[in-house]
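Everything in the sequence shown is counted per the numbering used here, starting at 4 for the first residue and increasing by one. Everything on this sheet refers to the single structure shown next.
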Amino acid sequence: MKELVEYVAKSLVEDPSEVRVEVFEETRMILLRLTVAPDDTGRVIGRDGRVAQALRSLLRSMASKTGKRVTLKIS
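Structure representation (structure tokens):
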């Protein structure tokens, strides 16, 4: 999951070297924290949050196979 978020974010932003993905895993939940350059935050979120929602939907479908919940935070 981390690799997917990192790949998509690096494809969207102007400065791919600033993309960082941290993973915090608990028994029933996975938290992914995506950090990008301040100028690129809007690109990752997208218009009306559509890009962020699409990423979250992909992550939810991937996590459903493992029985865990996934949360994506963008900063």
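A virtual CB, placed ideally from N, CA and C, is assigned to each residue, including glycine.
Using the Cβ count rule (16 or more neighbours within 10 Å means buried), how would you classify residue 57?
Burial call: exposed.
Distance check for residue 42 and residue 48, CA to CA, integer angstroms please.
Each residue's alpha carbon lies about 12 Å from the other.
With distances taken from CA atoms, which of 45, 54, 68 is nearest residue 18?
With distances taken between Cα atoms, residue 18 lies closest to 45.
Since residue 74 sits in a beta bridge, which residues does DSSP pair it with?
Residue 74 is bridged to 34.
Just how far apart, CA to CA, sit residue 7 and residue 62?
So the alpha carbons of these two residues sit roughly 9 Å apart.
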